[in-house]
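In this note's numbering, the protein residues as written are 4 to 101.
Here is the structure:
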């Protein structure tokens, strides 16, 4: 399973409970290194895959491949995952696979 999670504006107190629960349920968290640091309180000892700026395609592709391999993956994005976030790119990449 792949969950694309918007982490809000950066403060943990502004994250939705749904986002927090999805992070806690995930086996693997994928995200921009700054954003992974912002959610560290919710990732515990999970595997975290971090990338630098301008690596959005690589992050999405890694998350998709891990989910297709049977892992429960959380792909994190700043703000709303659907508006200026990663959800659109994930859908585009999955669509190209078909």
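Ideal Cβ positions, reconstructed from N, Cα and C, are used throughout, including at glycine.
Within the DSSP bridge table, the entry for residue 9 names 80 as partners. Rounded to the nearest angstrom, the Cβ distance from residue 33 to residue 93 is 11 Å, too far for a contact under 8 Å.
Rounded to the nearest whole angstrom, the CA to CA distance from residue 22 to residue 38 is 13 Å. In this structure residue 86 is not in contact with residue 41, their Cβ atoms being roughly 18 Å apart against a cut-off of 8 Å. For residue 32, there is no enclosing alpha helix (DSSP H); the enclosing beta strand (DSSP E) covers residues 31-35. Between the alpha carbons of residue 27 and residue 46 lies a gap of roughly 6 Å.
Contact annotation: residue 89 and residue 96 have beta-carbon atoms that are not nearer than 7 Å. For residue 12, same chain residues with a beta-carbon under 8 Å away, outside a window of 5 residues either side, are 81 and 82 in chain order. Look at residue 53 here: in three-state DSSP terms it is strand.
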